[in-house]
Structure formats: C-alpha cells, structure tokens
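Chemist: This is the structure I have questions about; it appears just below.
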Amino acid sequence: MSKPIIDIRDLSVGFTARAGHTQEVLKSVSISVKAGETLGIVGESGSGKSTLALATMGYMKPGLRKLSGDVTFEGTDVFAQSLRQLEGLRGGKLGLIPQSSGQALTPTMRIGAQITEALSLHCDLPAAQCATRAEELLTQVRLPDVPSIMKRYPHELSGGQQQRVAIAMALAGEPDALVLDEPTTGLDVTTQKQILDLVQDLAKERNMAMMLVSHDLGVIARCCNRVAVMYYGEIVLEGPSRDVLSKPDHPYAQQLIDAVPRIQKVTAKAKTAAPATDEALKLEDVGICYHQPGFWEKTFGGAAPRELTVDGIDISLGKGQTIGLVGESGSGKSTILKAIAGLLPAQKGSIRVGGDTVLKPSIDRRRPEELRRVQMIFQNPDDSLNPRHTVAEILAQPLYLYFGMTGQKARDRAAEMLDTVRLTPAYLDRLPRQMSGGEKQRVAIARAFAAEPEIVLCDEITSALDVSVQASVLDLLAELRAEKQTSYVFVGHDLAVVQQLSDQVMVLQNGRIREAGPVDQVYATPKSDYTKMLFDAVLEPGA
Amino acid sequence: MTDAVTTNIPADRPSTLRRWGQVFRDLIRRPSGAIGVFLVAIHVIVALISPWIVPYDFKTMDSAIILAPPTAEHWMGTDALGRDVLTRVLMGGREALWVCFLAIPLTMIWGGLVGVYLGLRGGWVDEVAMRLVDAFLALPGILPLMVFVFVFGAGNEVLIPTLAFFFGIPVIRVARGATHDVVARDYVLAARARGHSRASIMRRELLPNTLDVMMVEGAMRLSWMLLTFSSLSFLGFGVTPPTPDWGQMISEARVYMSLAPWGVLGPMIALSTLIIGVNLTADALAKTLGIDRTRKAVV
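Protein chains in written order, with this note's numbering: chain A, 205 to 747; chain B, 5 to 303.
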C-alpha cells in the first residue's frame with residue numbers, strides 16, 4: 205500500500221468562546237488521502253468541512269487555533285513549517301481551488317500575467333518559457349482560444365472559465381495534491397459537469413491526491429473514491445463512496461442522503477395532468493427588457509427599440525397548481541417573476557390574475573388589492589428579512605398594509621401565521637440573526653402567506669438552505685398549497701426539486717421558452733436538445 | 005422533520021435604547037473610546053457648571069494687572085484687558101458646545117432624510133440634487149457661513165440653522181451612499197413588491213439600517229463643526245464680546261503672544277482636548293459598530 209500524501213491525525217481545532225471555555229470546531233479528526241485518490245468531504249453548513257480543508261493547507265481562519273493533532277503532507281508536518289516554507293508549499297505541491305474563483309483572481313491583472321506570476325513563484329523557469337508554459341496550462345484545462353483568453357481580465361470570463369483559470373493556476377506548481385473547496389457551487393449544472401469532468405481527468409493524468417469539499421452529494425458521488433461525512437466537527441462515517449452513498453451505516457448520513465431530492469422516474473402517462481381548475485394566473489406573450497425608458501425617452505421619444513431580454517412567455521396556471529421554471533443562469537427565470545410582481549414592468553403582453561383582473565405592468569400603478577394577490581419569496585432569507593426587525597414586526601407589515609391590522613390584533617394574527625409555518629409564537633420577538641436559515645425562510649414564507657395571496661412567486665427559495673432543511677421547507681410549501689389553494693410559480697435550478705413540487709414545467713434558454721408542458725411529460729420524454737442536456741448534467745448520489 | 009439546527013438563544017427584544025446602551029458599554033471598553041468619552045464628558049461638565057465654579061467674573065477688567073503672568077490669584081494670568089484667563093477658558097466652551105450640540109441633530113436629520121430619500125428615489129431627481137450638492141461642496145467651507153452671519157447677524161438663532169444647513173450638505177452624500185448599500189437588499193425589494201409607499205420603506209427599512217453610519221458621521225461632523233465655530237469666532241463672526249469663546253480668545257491674545265503666551269495656550273489646550281475627545285469617540289464608535297471608515301468615502 206502506498207503512503208498517504210495528506211495525512212491528518214487526531215486534529216482538533218477550536219476557538220476560545222466568550223465565557224473563556226474552548227469551543228471545538230473539529231473534534232479529533234483523522235483522515236488520509238493517497239496519490240490518485242479523491243476523497244469527498246460532505247456535511248451541512250457549520251459542520252467544519254471547510255475548516256478541515258483549509259487546515260490541510262496549514263491555514264486557520266482568524267480566531268481559530270489548533271488544539272491537538274498533526275497534519276502531514278508528504279511526510280512534513282504542515283503546522284511545524286515556517287510561514288515562508290508554507291508559502292512554498294501552498295500553490296506549489298499543494299494546490300487550492302476555492303469556491304468562487306472570480307474573487308480569487310486579481311481583477312486588475314490579465315489572465316496571462318497571473319498565471320505567469322504563479323509559475324515564476326513556484327518553478328525555476330526562465331521568463332520566456334513561462335509564457336509558453338502558461339499557454340500549455342490553459343490548453344490543458346480545455347479553454348478555447350487561449351491566446352485571446354491570456355489577454356483578458358477576469359471579469360471578461362464566465363464563471364466556468366474563471367474556475368478553469370483557477371485550476372490552471374493551481375496546476376502551475378505541478379501539485380501532488382489538490383484541495384477543492386466547493387469548486388462548483390454557484391455554477392450552472394451543465395458547467396458544473398464540465399468542470400468536474402476536467403478535474404477528474406487531470407487527477408487521473410497526474411495521479412494527484414484530491415480532497416473535495418462539497419455540500420452537494422451528487423458532486424461527491426460523481427468524483428470521489430472515498431467519502432467522509434461530517435457532522436458538528438466530527439467524521440461520523442467514512443468509506444468507499446459506493447458503500448457510503450448507497451447503504452450508509454450511520455443515522456445522520458442516512459438522513460442526509462435521504463433528504464437529497466432525486467428526479468423520479470416517470471412514464472409520460474403515469475400521472476394524468478391535474479384536472480383543470482379555475483384560472484389563477486395567465487401570461488400572454490409577455491416580453492421584458494432590462495432597459496427601462498428613461499426620463500428623456502419618455503418625454504421626447506425617439507429611442508431605438510431594443511431587443512427584449514425575455515420574450516414570448518405564455519403561462520396558464522390553475523388554482524392550487526404550480527409551474528416550475530428551469531434553465532441556466534441568465535435564462536430569464538427570475539426576470540419573469542419580477543415582471544409578474546411588477547418590479548420590472550413588462551413591455552409587451554398581458555398578465556391576468558384570478559381570471560378577471562388584468563395587472564398593470566408597473567407596480568406603481570397597481571392597486572393594493574391587486575398587489576396583495578401576488579406575493580414573492582426570495583432566495584436568501586438573510587437578505588430578504590430586515591435585520592433590525594423582529595419576526596412580529598416583519599409579519600405585521602403585510603397585515604397592516606393589506607388589512608389595516610395593528611397592535612395586539614396584528615400580533616395575534618402573526619402568531620397564527622407562525623403556526624401555519626410550524627413555528628411557535630416564541631419566535632415573535634426574535635431577530636433574524638437569532639434564527640437558523642430554515643427558520644428564517646419559514647418566516648419569509650409566513651410573511652408572504654400573511655397577505656392571503658392567490659399566487660406566490662418563489663425565487664430559488666431553497667437553494668441557500670441545507671438539504672435536510674430544504675426537504676422540510678418543500679413539504680411545508682406543498683401543505684400550504686393544499687390547505688389554501690395557492691398557486692406557485694417556482695423558479696429553481698435543481699430539477700429534482702422542481703419536479704417534486706410542480707404540475708407544469710417550463711424550460712427557458714436565453715429568455716425564450718424551449719419546452720413547456722406537464723411535468724411528467726417533460727421529464728419522461730424531453731423533446732428539445734437543450735432540455736436533454738440539462739437532464740444529462742444532473743448529478744445524483746448513487747446514480 | 006424539523007430543522008437540523010435549532011437555535012437556543014433566549015428570545016428577547018433588544019430595544020433600540022438597550023442596543024445603544026450596549027454599544028456605549030463596548031465603546032468605553034476600547035482605550036480610544038474611554039479617553040474620548042472622558043475628555044468630552046469633562047468638557048460638558050465644565051461647560052455646565054462653570055458659572056458657579058469660576059474664581060472671577062468673566063467680564064470684570066482690572067487695568068492694574070494687564071497681561072500678568074500666572075500667579076496664585078490668577079492661575080493662568082490675565083489678558084490684555086486684565087480679565088482672568090482661567091475664568092474665560094472655563095467658560096469659553098459653553099457657546100461652542102451649546103450651538104454645536106443643537107446644530108448637529110438638525111444637520112443629521114435634514115441631511116440624512118434628504119440623502120436616504122435620494123438614495124431610494126434615484127432617477128433624475130437624484131441626479132439634479134446631487135449636482136446641486138456638488139456645487140455647494142465646491143465652495144470653500146467657511147465662506148458661505150461668513151456671508152450668512154454678515155448678512156443676518158451673529159446670534160445663535162442665525163448660527164444654528166446656518167451651520168446645520170451647510171454641514172448637512174455633505175451628510176446628504178454620505179446618507180445616500182449608505183442607502184445604496186441597503187436599497188439593493190431583498191428586504192427593500194420585498195417591501196416594494198408588497199406595495200409599501202416610499203415613506204414607509206424609508207422609515208421601516210432604510211432609516212434603521214443606515215442609523216449606524218449616520219451616528220458615526222454625526223460624531224465626526226461634530227468635531228468639524230466645533231472647529232468651524234471657533235474659526236468663525238477667531239475671525240470675528242461668531243460670539244459677540246464680552247461673552248468668552250476660545251476662538252475669539254486666541255484671536256485677541258495672538259497679538260501679545262510674545263509677551264503673554266499663556267493667553268493663547270489656555271484656550272488652545274481646551275479646544276484641542278475637546279476636538280481630540282470627539283474624534284477619538286467617533287473613531288471608537290465606528291470600530292464598535294463595525295464601520296470601516298477607511299473604505300467609505302467621506303466627503
């Protein structure tokens with residue numbers, strides 16, 4: 205058996221809490237990675253997986269310190285090294301690929317110059333050869349038109365291209381091991397698949413040891429030979445990925461894996477389309493443009509007609525039904541939601557609610573009663589709840605605005621709303637920062653439902669949540685829909701989540717409809733090539 | 005299935021008052037904050053009680069002891085009119101503190117409200133207003149103040165609104181910038197989507213979240229305003245004699261500096277310690293609230 209490249213023994217990391225006692229973030233973690241092996245580390249937010257990955261590089265976030273244990277890399281103790289020796293190690297034999305490389309690349313330096321700099325730090329190459337080597341590296345990470353990429357600045361590249369450049373930089377030092385910290389979070393499914401394929405190929409070619417940290421079990425399943433499941437700073441389960449992901453031998457790991465939504469195999473006729481109900485929402489040939497006419501154009505006219513960002517959108521949604529909007533980033537999913545909410549006035553077409561009321565394009569011209577009927581829930585509850593308001597104050601706002609409720613009456617109603625999202629009235633006096641992500645999103649849902657809406661617009665509302673929390677939030681949405689006959693327009697990038705909740709699905713690309721229909725039909729027999737490509741890119745544990 | 009993480013923080017409503025109480029406790033725990041608050045507190049206390057503790061009357065002249073050096077009777081000597089310098093130094097901050105402590109809240113309210121409104125409103129109104137602000141900022145600071153005082157007189161009823169008006173203009177810029185940070189957040193978008201009015205969005209969403217920046221800005225503006233007030237007095241546009249004021253005292257004693265340096269030294273030390281105290285407090289407040297002043301462009 206070959207010797208491990210990265211070897212972590214009984215590593216404990218912690219910080220000193222206010223009361224003076226030591227709080228452990230990692231609790232005597234032992235794990236090793238051999239050459240040619242890819243180790244996956246999964247866990248929910250706060251489980252310590254990033255801390256472990258960074259500790260491998262001899263780095264601690266400010267405030268953290270090593271309590272006990274060792275980290276050895278190719279036989280040298282990482283924490284015994286001087287800062288200077290560590291600098292030689294990091295980016296040299298041990299490479300890091302961070303989560304958002306857009307932020308890891310220097311914005312004011314051209315790509316070519318950045319890679320050349322990395323090369324000059326870690327290899328003894330004459331300057332002339334550095335440029336050639338940089339070109340080789342960029343070709344290796346399968347970037348098209350390398351000479352032109354070398355001359356560009358990071359912001360001129362797409363997210364996937366930036367990630368490739370970061371990989372090329374990590375390869376510059378001829379590493380024996382790579383640490384990947386959520387390398388594909390924030391990328392589209394299709395781009396994610398390409399990046400993971402690339403990383404796998406490179407690992408095979410160079411026989412590198414890799415440590416891949418991710419909250420996404422699908423990513424781990426695709427790339428890793430071995431998996432370690434982390435829970436509150438401990439590795440609760442470790443083993444070959446096939447065993448861990450198919451028959452996990454630990455209750456938490458089992459729970460985590462079960463919570464991952466999977467695309468259900470359906471045949472086109474398995475479920476007949478839901479019976480036609482009263483119309484809740486109808487969009488006819490809606491077109492939206494990001495450019496809104498300014499003061500000058502409104503007054504004097506004469507502006508050239510611009511191309512619509514989103515065009516030809518037709519939606520017909522019954523009461524208690526859900527339509528899922530899917531597509532890559534930039535496909536116009538969220539734009540459509542904003543148009544329905546009136547935040548981004550539609551230039552063309554009509555939006556109708558409840559079969560009779562035609563909504564004005566702009567929110568400023570809609571009446572409060574019309575606004576009440578359409579409510580929106582946002583992606584990240586950290587951003588959509590005012591940090592200075594308590595839950596009671598947050599929920600009181602729609603109650604006052606639409607029903608004129610104040611004081612004790614509003615408070616009682618707010619408590620009732622909390623009850624509908626399965627939270628106790630004790631939450632009324634909490635501030636957002638005193639709640640977990642899932643609890644915050646429940647409050648955001650309660651706020652939307654406080655208006656007693658007919659249509660709720662959900663913008664990627666589970667993508668900021670951990671999988672287990674995501675499952676409970678989705679269940680809640682389904683229950684509320686059955687209870688109140690609310691219709692949802694659900695935007696999501698996770699095809700399995702969309703399938704779970706939707707009756708209809710609409711696939712968007714570049715602001716145009718590529719395919720639309722009952723969810724079972726689209727999922728069973730996708731017609732357009734684009735839809736097929738989206739399905740191909742889906743990663744599932746155990747698939 | 006319940007959420008994996010449940011928080012066990014006791015549910016309490018940290019009222020605004022209690023929050024600022026906590027901020028104050030954190031503030032004086034910093035060395036700079038403690039020194040700053042101590043200096044300001046000393047000045048405020050002296051200003052409040054000086055009429056009862058001063059050894060002499062501030063306007064009593066004595067031709068026998070003109071420009072006398074410090075003695076047991078006159079600890080800081082006397083000025084060109086034979087008045088006790090210590091008495092005048094102790095009482096010389098009263099006008100400045102009174103005027104500035106009244107003018108600063110006015111400054112922050114009008115500048116803050118206009119700035120937050122413009123940050124939310126955007127569009128051509130914002131564009132036009134900001135160009136006006138730019139035009140005002142192009143004027144040398146003290147000149148328009150002198151013109152106002154010259155035209156309308158030097159009473160506090162003129163000085164306070166004038167100072168508040170001119171100091172509020174740069175505040176508009178800061179408040180507008182702070183608002184831009186908040187306006188892009190989803191909770192403001194959510195409030196707009198619900199159909200709240202602009203006034204309601206300003207009151208509920210924007211003002212509470214820009215308050216921290218405005219408090220620091222207010223503390224910083226206070227030190228500038230105290231300095232400006234003293235400059236006006238120095239130039240003869242502030243306090244009317246014989247009311248003692250540091251700026252005016254420095255101006256008068258400057259002529260005799262080679263003969264009687266104590267006449268300048270007293271008011272100078274008093275004014276500097278007050279300004280340093282306010283500045284230290286403002287810096288410590290910024291650090292306590294986690295506002296990085298080096299990154300915010302303060303105009």
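From the three backbone atoms N, C-alpha and C, an ideal C-beta is built for every residue, glycine too.
1) Please return the same chain residues whose Cβ sits closer than 7 angstroms to the Cβ of residue 453 of chain A, not counting the five positions on each side in sequence.
2) Whole angstroms are fine: how far does the CA of residue 607 of chain A sit from the CA of residue 536 of chain A?
3) Residues of chain B with a CB under 8 angstroms from the CB of residue 748 of chain A: which are they?
4) Can you give me the C-alpha to C-alpha distance between residue 179 of chain B and residue 330 of chain A, rounded to a whole angstrom?
5) Please say whether residue 251 of chain B and residue 276 of chain B have beta carbons closer to each other than 7 angstroms?
6) Residues in the same chain with beta-carbon distance under 7 angstroms from residue 660 of chain A, minus the five sequence neighbours each way, listed in chain order, please.
7) Quick check: is the beta carbon of residue 588 of chain A nearer than 7 angstroms to any beta carbon in chain B?
8) For residue 277 of chain A, which of helix, strand or coil comes out of DSSP?
9) Drop a sphere of 10 angstroms on the beta-carbon of residue 676 of chain A, count the other beta-carbons inside from all chains shown, and report buried for 16 or more, exposed for fewer.
10) Which residues in the same chain have their Cβ closer than 7 angstroms to the Cβ of residue 288 of chain B, if we skip the five residues on either side of it in sequence?
11) Which whole runs of the alpha helix (DSSP H) in the segment 180-262 of chain B are 4 residues long or more, in chain order?
12) Evaluate the contact criterion for the segment 310-320 of chain A versus the segment 242-251 of chain A: three or more CB pairs, one atom per stretch, below 8 angstroms.
13) Give the interface partners of residue 190 of chain B over in chain A, defined as CB-CB distance under 8 angstroms, in chain order.
14) Quick one: using the 10 Å Cβ neighbour count with 16 as the cut-off for buried, is residue 359 of chain A buried or exposed?
15) Take residue 749 of chain A as the anchor and find which of A:623, A:527 and A:719 has the nearest alpha-carbon.
16) Expressed to the nearest angstrom, what Euclidean distance is found between the alpha-carbon atoms of residue 140 of chain B and residue 245 of chain B?
17) Any beta carbon from chain B within less than 7 angstroms of residue 444 of chain A's own beta carbon?
18) In terms of residues, what are the limits of the beta strand (DSSP E) holding residue 708 of chain A?
19) Over the uninterrupted alpha helix (DSSP H) stretch that includes residue 335 of chain A, give me the two end residues.
20) Measure the Cβ-Cβ separation of residue 658 of chain A and residue 577 of chain A and say whether it is below 7 angstroms.
21) With a threshold of 7 angstroms between beta carbons, is residue 545 of chain A in contact with chain B?
22) Nearest to residue 584 of chain A by CA position, among A:618, A:616, A:649 and A:371, is which residue?
23) Does the Cβ-Cβ distance between residue 744 of chain A and residue 466 of chain A come in under 7 angstroms?
24) For chain A, is any of its Cβ atoms less than 7 angstroms away from the one on residue 110 of chain B?
25) Are residue 103 of chain B and residue 163 of chain B close, meaning C-beta to C-beta below 7 angstroms?
26) In its own chain, which residues sit with a C-beta less than 6 angstroms from the C-beta of residue 218 of chain A, not counting the 5 before and 5 after it?
27) How many angstroms separate the CA atom of residue 439 of chain A from the CA atom of residue 678 of chain A?
28) Say whether chain A places a C-beta atom closer than 7 angstroms to the C-beta of residue 160 of chain B.
29) What three-state label does DSSP hand residue 228 of chain A in the structure shown?
30) Got a sec, what are the start and stop residues for the alpha helix (DSSP H) residue 282 of chain A sits in?
31) Does any C-beta atom of chain B lie closer than 7 angstroms to the C-beta of residue 410 of chain A?
32) Can you tell me the Cα-Cα spacing of residue 468 of chain A and residue 671 of chain A, whole angstroms?
33) By DSSP, does residue 737 of chain A sit in helix, in strand, or in coil?
34) Under 7 angstroms between the Cβ atoms of residue 381 of chain A and residue 210 of chain A?
35) If we ignore side chains and look at the alpha-carbon of each, how far apart do residue 237 of chain B and residue 142 of chain B end up?
36) Nearest to residue 420 of chain A by CA position, among A:413, A:409, A:432 and A:238, is which residue?
Modeler: Taking the definition as stated:
1) Contacts found: 441.
2) 33 angstroms
3) Limits of chain A in this structure are 205 at one end and 747 at the other, which puts residue 748 of chain A out of reach.
4) 53 angstroms
5) No; because the gap between Cβ atoms is not below 7 angstroms, this pair is not in contact.
6) 579, 581, 652, 690 and 692
7) Residue contact check for residue 588 of chain A against chain B: a CB pair falls below 7 angstroms.
8) strand
9) buried
10) 31, 34, 36, 37 and 40
11) Within the segment 180-262 of chain B, the complete alpha helix (DSSP H) runs of at least 4 residues are 190-198, 202-205, 211-238 and 250-258.
12) no
13) 582, 583, 584, 587 and 588
14) exposed
15) Within the shown structure, residues of chain A are numbered from 205 to 747, placing residue 749 of chain A beyond reach of any answer.
16) Looking at the two C-alpha atoms, the distance is approximately 31 angstroms.
17) So no, residue 444 of chain A is outside the interface.
18) 708-713
19) In the DSSP assignment, residue 335 of chain A falls within the unbroken alpha helix (DSSP H) covering 331-344.
20) Taking 7 angstroms as the Cβ cut-off, residue 658 of chain A and residue 577 of chain A qualify as a contacting pair.
21) yes
22) A:649
23) yes
24) no
25) The answer is yes: Cβ separation under 7 angstroms.
26) 226, 227, 228, 229 and 271
27) Whole-angstrom Cα-Cα distance: 28 angstroms.
28) Contact with chain A is absent for residue 160 of chain B, since none of that chain's Cβ atoms lies less than 7 angstroms from the residue's Cβ.
29) Strand.
30) Residue 282 of chain A -> no alpha helix (DSSP H), and no H or E assigned at all.
31) No, residue 410 of chain A does not count as interfacial toward chain B.
32) 17 angstroms
33) helix
34) In this structure, residue 381 of chain A sits near residue 210 of chain A, with a CB-CB distance shorter than 7 angstroms.
35) 23 angstroms
36) A:432
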